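Heads up: the sequence shown is residues 3 to 108, going by my numbering.
Backbone N, C-alpha and C fix where the C-beta goes; we use that ideal spot for every residue, glycine too.
None of the values given here were measured: they were computed from a predicted structure.
Worksheet for the structure shown next.
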Amino acid sequence: MLGGVALMVNNHMIVAVSPRGLLVRIGQDAYESALTRPDTRAMVMKGRAMPGYVFVDPCPTDRRALRGWVRSALQHNRNLPPKNAAGACTGTVSLRAADERKSRDD
3 MLGGVALMVN NHMIVAVSPR GLLVRIGQDA YESALTRPDT RAMVMKGRAM PGYVFVDPCP
63 TDRRALRGWV RSALQHNRNL PPKNAAGACT GTVSLRAADE RKSRDD
């Protein structure tokens, strides 16, 4: 769906990295404030804005900036209700295995 790698906590996506940038799930409370930050724009899917999600493009390379986005996403994640694990990704795949699989498929 995202065309990248997503980080999940308690079966909720908090951030995802793709060629389009860093997608951060920050929640509606922090949404307007996040859009005022540099290199940040609203996430739009099929022509519809997705409040609570922002894209950061280019993806931050500075540790402090990246850490700040991840902390914002984790803070929002703490307020989310538990999600049923049915249908969630339950297996673990190492990044190396995923890269090797992608290389074979290309």
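For residue 68, the enclosing alpha helix (DSSP H) begins and ends at 65–80. Boundaries cannot be given for residue 49, as no beta strand (DSSP E) includes it and DSSP labels it neither H nor E.
Under DSSP, residue 45 takes part in no beta bridge, so it has no partner. A straight line joining the alpha-carbon of residue 31 with that of residue 54 spans about 8 Å. The secondary-structure analysis by DSSP pairs residue 27 across a beta bridge with 55.
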